[in-house]
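S.K.:
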Amino acid sequence: MEKKNKSLSWFWKWFLNNQVVTALLIVLLVLLIINLFTRVSYLFTPVLQFLAIVGLPIILAGILYYLMNPVVDFAEKKGIKRIYSIIALFVLVVGLLAWGIVVIVPKIQEQTLSFVDNFPQYVKVVEKTVNDLFSDPIFSQVQEQLTASGEKFMNSLTEVIQNVSKTTFQNLGNFFGAVASIVVAVITMPFILFYLLKDGKKLGPYIVSFLPTKLRKPTLKVLGEMNAQVSSYIRGQLTVAFAVAIMFMIGFSIIGLDYAITLGIAAGFLNLIPYLGSFLALVPAVFLGIVGGPVLLVKVLVVFVIEQTIEGRVISPLVLGSQLSVHPVTILLVLLTSGKLFGLVGVILGIPAYAAIKVVIANVFEWYKRISNLYEEETEVVSKE
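Last residue of the sequence shown? That's 394 in this note's numbering, and every number before it is there in order.
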């Protein structure tokens, strides 16, 4: 009997009550589940097609919901019915869109067409400037390599533009398909947004009502945390992006840089990509600065430094704070992974999706720690310290 107990205690200590073995078993089960899903993936094809159709309007409606819902909640606290504040916001948004279509869009179109028409001349000016720079005696030892690299870069840039022009005509079917999806999204999105603003608070309790009673309260807590993380991130990023667009438009206009409005709006959109967006927005500005001469290039760099200082020291800490508590290296890894898997949409939505998944994993891990009794000793040590 004692031998049996000893054997059981040994087995319990090294296998059943071992955190490493437990973690490996969980990983094994997850991999088996993933393998099973890959083998029956064809069963989910209709679901994926449905999500592809409704995904864009839902995402757009969700983004606008996070922007507009605080205003509706504030108006409701002041005694204004939600339906009235929602209608007022819709009228305001339609008015802003109409103003943008009449005033901003023609200006962007004009500047974009002008840039495309003048691009070959710009390339020649930049090539001449680079060649003159590399002909300096300072670069004499590596002149050939630098010249070859510069020519390669310009040739690659020209080829990319030519390929884009060719594939634009070759993929007209895909283009019209994308346009059709956008049209459907624009038509259906306002209806989704209206009902989200009107009954959004009821959505969480409605979803958890399908779960067993014991799971409703913790699930509602997780959904609330996810909503708080995603909403704060989206509102913060859009606010910062808007501020960045305004600062670049004003700065580029002051120094006399061509296409200031288009470059500023592009910088605002690119700023939705954390860390990388601002530097991507700098590339066309520096390109035009080189075309305009050394003085204009210095002015462009000064505008960029001022914008980065104001954004990094004032706007971002004030608006974003540290609500996600995500390390910059983690953000870069998430951006690379989500961009590789889902393209531009993954780059923009990767961070809020990671924040939501992080909330789920953290709560599941806390639940596992409570029921497994594998972390009691560690908890006691931490409390004594």
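Beta carbons are placed, not taken as given, at the ideal position from N, Cα and C, and that holds for glycine.
Could you pull out every residue in the same chain whose Cβ sits closer than 7 Å to the Cβ of V135, ignoring the five residues on either side in sequence?
M.R.: So the qualifying residues of the chain are F296, I299, V300.
S.K.: Below 8 Å, can you find three or more Cβ-Cβ pairs linking the stretch 228-240 to the stretch 360-376?
M.R.: Flag = yes, the stretch 228-240 and the stretch 360-376 touch.
S.K.: Mapping DSSP to helix, strand and coil, what is G182?
M.R.: Confidence in G182 is poor, its pLDDT being 47 and thus under 50, which makes the residue's placement too unreliable to answer from.
S.K.: Could you tell me the distance, in whole angstroms, from the CA atom of D82 to the CA atom of R91?
M.R.: Approximately 8 Å, taken between the alpha carbons.
S.K.: Just verifying my parser: in three-state terms, what is the DSSP assignment at F351?
M.R.: Residue state, collapsed to three classes: helix.
S.K.: Answer with yes or no whether the minimum CB distance from L101 to chain D is below 8 Å.
M.R.: The structure shown contains no chain D; it is built from a single protein chain.
S.K.: According to DSSP, is L285 part of a helix, a strand, or is it coil?
M.R.: The answer is coil: DSSP assigns L285 none of H, G, I, E or B.
S.K.: From which residue to which residue does the alpha helix (DSSP H) around S50 run?
M.R.: Taken as a continuous stretch (DSSP letters only), S50 belongs to no alpha helix (DSSP H), as it is neither H nor E.
S.K.: Is V253 near G233, with beta carbons less than 8 Å apart?
M.R.: No, the Cβ-Cβ distance between V253 and G233 is not below 8 Å.
S.K.: Closest to A275 by C-alpha separation, out of L212, A250, I264, would be which residue?
M.R.: If we check each option's Cα against that of A275, A250 comes out closest.
S.K.: Measure the alpha-carbon distance for L40 versus S50 and round it to whole angstroms.
M.R.: If I take the Cα positions, the gap works out to 15 Å.
S.K.: Quick one, which of G265, I360, V356, G245 has its alpha-carbon nearest P326's?
M.R.: The shortest Cα separation from P326 among G265, I360, V356, G245 belongs to G245.
S.K.: Applying the criterion that 16 or more other CB atoms from any shown protein chain within 10 Å of the CB defines a buried residue, is P361 buried or exposed?
M.R.: Buried, because 16 or more other Cβ atoms sit within 10 Å of the Cβ of P361.
S.K.: Does the separation of the CB atoms of A194 and L341 fall below 8 Å?
M.R.: No. Outside cutoff.
S.K.: Compute the Euclidean distance between the alpha carbons of P55 and R48, then round it to the nearest angstrom.
M.R.: C-alpha separation (whole angstroms): 16 Å.
S.K.: I think A294 touches L272, with their Cβ atoms under 8 Å apart; what is that distance to the nearest whole Å?
M.R.: Yes, A294 and L272 are in contact; Cβ-Cβ is about 6 Å, under 8 Å.
S.K.: Here's the rule: buried if 16 or more other CB atoms are within 10 angstroms of the residue's CB, otherwise exposed. What is P303?
M.R.: So P303 counts as exposed.
S.K.: What number of angstroms, rounded off, separates the C-alpha of K133 from the C-alpha of D126?
M.R.: Rounded to the nearest angstrom, the two C-alpha atoms are 13 Å apart.
S.K.: Do the CB positions of I282 and V343 come within less than 8 Å of each other?
M.R.: Not closer than 8 Å, so no.
S.K.: Distance check for G209 and M198, CA to CA, integer angstroms please.
M.R.: For M198 and G209, the distance between alpha carbons rounds to 15 Å.
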